[in-house]
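Right, one structure below, let's go through it.
In the working numbering, the protein residues as written are 256 to 375.
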């Protein structure tokens with residue numbers, strides 16, 4: 256099992272209609288994109304504020320997806336990876352579903368996830 260330190264999260268509520276009913280809301284965690292593992296449910300992204308993360312300011316995705324991380328490869332040819340705005344220090348959380356291109360993140364970016372181990 257992979258040992259990952261999660262940021263502290265206190266869920267006080269969810270905006271109506273944006274949290275998919277696929278999981279227990281208490282299972283939601285914030286993790287750096289580099290720490291997201293295969294099978295984690297990626298719900299969105301959020302910004303860090305000092306040593307805490309502001310979950311209420313999270314941007315929830317319309318289509319949550321199960322992560323299948325891979326190494327960032329600027330030569331992959333998907334159209335996103337070769338975009339000049341992406342550079343080393345990036346990770347790919349999915350290289351397909353639900354998109355037709357890679358979902359490239361800064362490795363230190365903050366993902367709103369449900370860890371795979373908490374989905375069952």
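Every residue gets a Cβ at the ideal spot worked out from N, C-alpha and C, and that includes glycine. None of these values were measured; they are calculated from a predicted model.
Cut-off 7 Å between Cβ atoms - residues of its own chain near residue i, not counting five sequence neighbours on either side
{"i": "residue 352", "result": "320"}
{"i": "residue 346", "result": "288, 289, 324, 327, 360 and 362"}
{"i": "residue 331", "result": "357"}
Integer-rounded CB distance, given that residue j should sit under 8 Å from residue i
{"i": "residue 348", "j": "residue 297", "result": "6 Å"}
{"i": "residue 322", "j": "residue 294", "result": "7 Å"}
Coil, strand or helix - residue i by DSSP
{"i": "residue 322", "result": "coil"}
{"i": "residue 362", "result": "coil"}
{"i": "residue 345", "result": "strand"}
{"i": "residue 284", "result": "strand"}
{"i": "residue 290", "result": "helix"}
Contact set for residue i: own chain, Cβ-Cβ below 8 Å, skip 5 residues either direction
{"i": "residue 334", "result": "356"}
{"i": "residue 344", "result": "361, 362 and 363"}
Cβ pair residue i, residue j closer than 8 Å
{"i": "residue 363", "j": "residue 292", "result": "no"}
Cβ-based neighbour list, residue i, same chain, cut-off 6 Å, excluding 5 preceding and 5 following
{"i": "residue 329", "result": "336 and 337"}
{"i": "residue 316", "result": "299"}
{"i": "residue 313", "result": "299, 301 and 367"}
Identity of the residues DSSP links to residue i by a beta bridge
{"i": "residue 315", "result": "299"}
{"i": "residue 369", "result": "296"}
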